[in-house]
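Below is one structure; the comments refer to it alone.
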Amino acid sequence: MTRDNSERRYGRFGGRYVAEALWHPLETLHQAFDEVQNDESFRESYESWLDRRLGRPTPLTPLEELSDDIGGGQLLAKREDLLQGGSFTANMAVVYGLLARRLGHEWLVGETATGDFGVALASIGSAMGLRSRIFVGREDLESESLSMQHLHQLGAIVETVDTSNRGRKVACAEAMGHWATHADSELYCPSSLAMADPYPRIIEHALSTIGAELKVQLERQHVEPEYLVAPIGSGSFGVGLFEPFVDRESTQLVGVQAGGPGQDGEHAASLTYGRPGVFQGTYSFLLQDQHGQIGSPSSIAAGLCVPNVGPQHAAWAESGDVHYVAVTDREALSAARQLLQSEGILVSLESAHAIAYALKLAPTLGPDETVVVGISGSGMRDLDRLESTEPEGDPHE
Amino acid sequence: MSDRLRTLTERRAEGGPSILMCALVAGDPFVEATVEHMQTIADAGADVIELLVPFSEPTYHGPVIRRGFERALQEDVSWQDVRTIAASFRATHDTPLIASSYYNPILALGEDRFVELVADVGFDGVMVADLPWDESGDLRARLDTRGLSMLPMVAPTTPTDRIEMMASESETYVIWTGHSGGELTLSRHDFEASMQTLRQHTDRPVVASMKISTDEEASAVATCCDGILVGSAIVWLIEGRDSDLSSRLARFVGDLRESLPQ
Chain A
1208 MTRDNSERRY GRFGGRYVAE ALWHPLETLH QAFDEVQNDE SFRESYESWL DRRLGRPTPL
1268 TPLEELSDDI GGGQLLAKRE DLLQGGSFTA NMAVVYGLLA RRLGHEWLVG ETATGDFGVA
1328 LASIGSAMGL RSRIFVGRED LESESLSMQH LHQLGAIVET VDTSNRGRKV ACAEAMGHWA
1388 THADSELYCP SSLAMADPYP RIIEHALSTI GAELKVQLER QHVEPEYLVA PIGSGSFGVG
1448 LFEPFVDRES TQLVGVQAGG PGQDGEHAAS LTYGRPGVFQ GTYSFLLQDQ HGQIGSPSSI
1508 AAGLCVPNVG PQHAAWAESG DVHYVAVTDR EALSAARQLL QSEGILVSLE SAHAIAYALK
1568 LAPTLGPDET VVVGISGSGM RDLDRLESTE PEGDPHE
Chain B
3 MSDRLRTLTE RRAEGGPSIL MCALVAGDPF VEATVEHMQT IADAGADVIE LLVPFSEPTY
63 HGPVIRRGFE RALQEDVSWQ DVRTIAASFR ATHDTPLIAS SYYNPILALG EDRFVELVAD
123 VGFDGVMVAD LPWDESGDLR ARLDTRGLSM LPMVAPTTPT DRIEMMASES ETYVIWTGHS
183 GGELTLSRHD FEASMQTLRQ HTDRPVVASM KISTDEEASA VATCCDGILV GSAIVWLIEG
243 RDSDLSSRLA RFVGDLRESL PQ
């Protein structure tokens, strides 16, 4: 591995592994991003969009009924499901929109699997006078019809990518290929943290608002949590939640990846079962076979169903700053139902993975101890899956 | 740089014939067939062969080569097979050979073992689609110890200072990657202008990958640069699996050869 250019790296992870055609567009973006980080007017504009448009800060909700039900420690939830559009991704859309305007670009180009990010990008794009082009795999298009109608009504251009069954991986490749030929007028806006530099830095910057906000909320309530738990797909949401807490030794950070159906080899737990490699522009943990061919992830939660993870998480896994675990589809479904029935909160199946792990932790804690769970999005789009997968012998039915 | 690649680069730099570089996928549709196709292509007039080693996520290749990769992966093509193919070809031919892939299969093998393999078996150079010049310093240094080169790739988006950097840090001819995922990024007119700009920043021969599929296109492109790289048109012929594939392949490459300035 080249270890020059350490600014592109997190420890030995990260980097910019792209075709030559993409190097200069990424370098231009990197320079623009460096400028705005020290630009007070950009920060003010960003914060104003968060306050006045997205509805920040999002609440920190005590889950009192659920905590009582299971006994042990207290559970709190940081509620990105209550943000505009029902997921954390709107924060990223705002940063991309502002960067595009600064670069003089007219188009936002992204890809979406669950539809959340595509809708967020097109919505914020509309509000900023930018057009949007969203790449979607045909299978995702068919399984997320509500989001696709939403995109259509927003006036976004939806580019359908025909694939066998590989979801976001291929949509992402098409979006990048498109960008390589339109980098003068369009900004590529990935939602995945597992991307070439400078995207991991941009996404961390956009989303660390969530962790920073949580820090203030906890201080006001005089709470110092024992655990902070987040679902980890590519890890965008997790990096935003964890980053402001990484130096705090009193709080154990836990990233929850998808354990999938729970059978051998069917999961999306790159940090537990993967090994380092280069995919989608970054060197990080990756599901792959012995020949370096990329593995197919498996999870009921589309947002967690990715073969790789952002470079920050790879570095934190190696340093031990964050503990990474996996939770199965069945545990996540059960946790989603339990939260809904005891608190009336419908969270995404991605978030339900974090809830499921918190439900394992809480009984091991005393009543004065706290677990904070990051809720990355609402579960409206997962209702069908909750209905259709009601398992026999579910302990909470 | 290997003697074979040096001879080829210098021949063109000194005003010799255009360079004809042909690409095909290792193990598409099976290992023995690839060796035969390479022999056919070389005999028909190719100056250099790019042997594409398949990767499951070929982001930067177009649909035809992606399908070639899928077929080869169904055959479980491995680095061991690449060794077999190259060794068999080297037993009969002296045509320069380029090993071409994505970075992860190379990392999975290990950079040291990769360099050992390609050097031992008679490759002359390496291309890695997703390993930009700035991230390839270690691999280039390793290749250099065995007399092998990484071919610099430039794109329509490459600024002139990068062209100069890559040219100054390499010795071989330069590859112009004029398309991305199979889509041409420039009109022919813009291509001509780009080649003129490129000339102002390097005197190295430039071989253009421009999605060429006919000898007319080959001729048009080659008048503006020093040679052509033809990949998807060859993989497409192989995909057809005609009963007279060998003669069609020979005819196609022969026509390309004849269409190029001598």
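These protein sequence lines map, in sequence, to chains A and B.
First residue of the first sequence: 1208, per this note's numbering; consecutive thereafter.
First residue of the second sequence: 3, per this note's numbering; consecutive thereafter.
Ideal placement from N, C-alpha and C gives every residue a C-beta, glycine not left out.
Determine, using beta carbons only, whether residue i and residue j come nearer to each other than 9 angstroms.
i	j	result
GLU260 (chain B)	ASP228 (chain B)	no
VAL208 (chain B)	ASP126 (chain B)	no
VAL123 (chain B)	SER102 (chain B)	no
PRO1483 (chain A)	ARG1216 (chain A)	no
ARG1309 (chain A)	MET1335 (chain A)	no
ALA1465 (chain A)	LEU1448 (chain A)	no
GLY1440 (chain A)	LEU1229 (chain A)	no
PRO154 (chain B)	ILE177 (chain B)	yes
GLY1510 (chain A)	LEU1553 (chain A)	no
LEU1556 (chain A)	ALA1539 (chain A)	yes
VAL55 (chain B)	VAL237 (chain B)	no
LEU1493 (chain A)	SER1477 (chain A)	yes
PRO31 (chain B)	ARG73 (chain B)	yes
LEU150 (chain B)	VAL128 (chain B)	yes
MET40 (chain B)	LEU22 (chain B)	no
VAL1485 (chain A)	TYR175 (chain B)	no
PHE91 (chain B)	ALA121 (chain B)	no
Regarding residue i and the ligand NAD, is the C-beta to nearest heavy atom distance less than 8 angstroms?
i	result
CYS1512 (chain A)	No copy of the ligand NAD appears in this structure; indeed no ligand is present at all.
Round the Cβ separation of residue i and residue j to the nearest angstrom and send it over; I've been treating them as touching at under 8 angstroms.
i	j	result
LEU231 (chain B)	ALA25 (chain B)	7 angstroms
SER87 (chain B)	VAL37 (chain B)	In the sequence as displayed, the identity of residue 87 (chain B) is Ile instead of Ser. Right, the Cβ-Cβ distance comes to about 5 angstroms (below 8 angstroms), so this counts as a contact.
ASP1404 (chain A)	HIS1237 (chain A)	7 angstroms
PRO1432 (chain A)	THR1577 (chain A)	4 angstroms
Could you check what DSSP says for residue i in three-state terms: helix, strand or coil?
i	result
MET1299 (chain A)	helix
ARG1618 (chain A)	The first residue shown for chain A is 1208 and the last is 1604, placing residue 1618 (chain A) beyond what the model contains.
CYS1512 (chain A)	coil
ARG1455 (chain A)	coil
MET129 (chain B)	strand
ARG1210 (chain A)	Bear in mind that a pLDDT of 33 at ARG1210 (chain A), under 50, signals an unreliable position, so the number given afterwards is only what the model happens to contain. Here ARG1210 (chain A) sits in coil by DSSP.
PHE1492 (chain A)	strand
MET167 (chain B)	helix
LEU1283 (chain A)	strand
VAL1436 (chain A)	strand
TYR62 (chain B)	coil
ARG1216 (chain A)	strand
THR1265 (chain A)	coil
PHE1342 (chain A)	strand
SER1555 (chain A)	coil
LEU1270 (chain A)	coil
PRO1483 (chain A)	strand
LEU231 (chain B)	strand
MET40 (chain B)	helix
ALA210 (chain B)	strand
GLU1366 (chain A)	strand
ASN1372 (chain A)	For ASN1372 (chain A), the predicted structure reports a pLDDT of 47, less than 50, and the residue's modelled location is therefore unreliable. A value from the coordinates is still provided. Correct three-state label for ASN1372 (chain A): coil.
LEU1572 (chain A)	coil
SER1595 (chain A)	helix
THR1388 (chain A)	helix
VAL237 (chain B)	helix
In the DSSP output, what is residue i paired with across the bridge?
i	result
ALA25 (chain B)	B:GLU52
ILE1582 (chain A)	A:ARG1286
ALA1533 (chain A)	A:GLN1464
TYR1395 (chain A)	A:VAL1316
SER151 (chain B)	B:GLY127
THR179 (chain B)	B:SER211
ILE1501 (chain A)	A:GLN1495
ALA93 (chain B)	For ALA93 (chain B), which the question treats as bridged, DSSP gives no partner whatsoever.
THR1577 (chain A)	A:GLN1281
ALA101 (chain B)	B:LEU53 and B:VAL128
SER1294 (chain A)	A:GLY1584
Counting only Cβ-Cβ distances shorter than 9 angstroms, please list the residues of the region 1483 to 1494 of chain A near chain B, keeping chain order. PRO1483, GLY1484, VAL1485, PHE1486, GLN1487, GLY1488, TYR1490 and LEU1493
When Cβ atoms are compared, which residues of the region 1212 to 1230 of chain A fall closer than 8 angstroms to chain B? ASN1212, GLY1222, ARG1223, TYR1224, VAL1225, ALA1226, GLU1227, ALA1228, LEU1229 and TRP1230
Which residues, in chain order, does the region 14 to 46 of chain B contribute to contact with chain A at a C-beta distance below 9 angstroms? none
Which residues, taken in chain order from the region 133 to 159 of chain B, show a beta carbon closer than 9 angstroms to some beta carbon of chain A? Within the region 133 to 159 of chain B, the residues whose Cβ lies closer than 9 angstroms to some Cβ of chain A are LEU133, PRO134, TRP135, ASP136, GLU137, SER138, GLY139, ASP140, LEU141, PRO154, MET155, VAL156, ALA157, PRO158 and THR159, listed in chain order.
In the region 106 to 121 of chain B, which residues sit with their C-beta less than 8 angstroms from some C-beta in chain A, listed in chain order? ASN106, PRO107, ILE108, LEU109, ALA110 and LEU111
Along the region 1377 to 1398 of chain A, what residues have a CB closer than 7 angstroms to any CB found in chain B? ALA1380, MET1383, GLY1384, ALA1387, THR1388 and ALA1390
Using a Cβ cut-off of 8 angstroms, which residues of the region 1397 to 1416 of chain A contact any Cβ in chain B, in chain order? none
Would you list, in chain order, the members of the region 75 to 108 of chain B that have their beta-carbon closer than 7 angstroms to a beta-carbon of chain A? LEU75, SER80, TYR105, ASN106 and PRO107
Counting only Cβ-Cβ distances shorter than 8 angstroms, please list the residues of the region 1256 to 1289 of chain A near chain B, keeping chain order. none
Residues, ordered as in the chain, of the region 1551 to 1583 of chain A that lie near chain B by beta-carbon distance below 9 angstroms: none
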